Amino acid sequence: MPSDEVWNTPDRIQHVRLMLDSFERYLGRSLIKRTGNFTLEAEQVFHAPFVVVSHGTQDDPILNYGNATTLELWEMDFATLTSTPSRLTAEPVHRDERARLLKRTTEDGFVDDYRGIRISRTGKRFQIHQAIVWNLLDASGVYRGQAATFSEWDPLPSS
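Following my numbering, the numbering of the sequence shown begins with 992 at its first residue and continues without gaps.
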């Protein structure tokens, strides 16, 4: 499957719908213009000019979605991203801060003021600004993980 079409599977289309529905539930607004065409929405999210990334519910959560902007920023293909523990997107020194963010999100449903330092697969560091992190709940209210989005980041010097 070409890398620009990894979004186009029934499971990924459903996952994007879960992310969009949960975003609206918690934030009271849409992440993108909703059309009711879930395939089109999945394509729009994948090609959006901002990061959309999520992880599952494992004890050490594994990333399970990243759009094209995410893949470019973290310097990974989709298969690599979706086999990566989400904690590895932060440097070891910043993982306690990340854990506090995820706990706050779990308790409050969402956080819309996060900023922090992240690291790409090749070691490039970047500061993210005004990230929104939200819980993913299915139609039955079952917790399915967390997602994040942000459109502002700055490269940082190597440590």
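Glycine included, every Cβ here is placed at the ideal spot set by N, Cα and C.
Please read these numbers as outputs of a predicted model, since none were measured by experiment.
Residue i - partner residues in DSSP beta bridges
i, result
"Y1134", "L1128"
"D1145", "Q1118"
"L1054", "H1046"
Exposure label - residue i; buried when at least 16 CB within 10 Å
i, result
"Q1137", "buried"
"N1126", "buried"
"A1070", "exposed"
"V1036", "buried"
"V1084", "exposed"
Separation of residue j from residue i, as counted between CA atoms
i, j, result
"P1153", "T1026", "Beyond the ends of the chain as shown, which are 992 and 1150, falls residue 1153; an answer cannot be given."
"M992", "T1000", "Residue confidence for M992 is low, a pLDDT of 46 falling below 50, so the modelled location carries little weight and cannot support an answer."
"L1079", "A1090", "12 Å"
"R1112", "N1055", "16 Å"
"G1208", "V1043", "Residue 1208 falls outside the range modelled here, since the chain spans only 992 to 1150, and no answer is possible."
"Q1049", "M1067", "21 Å"
"G1107", "V1007", "24 Å"
"P1148", "K1115", "8 Å"
"R1109", "L1064", "10 Å"
Where the alpha helix (DSSP H) containing residue i begins and where it ends
i, result
"L1031", "1029-1037"
"P1001", "1001-1018"
"E1063", "1059-1065"
Limits of the beta strand (DSSP E) - the one that residue i falls within
i, result
"R1109", "1101-1110"
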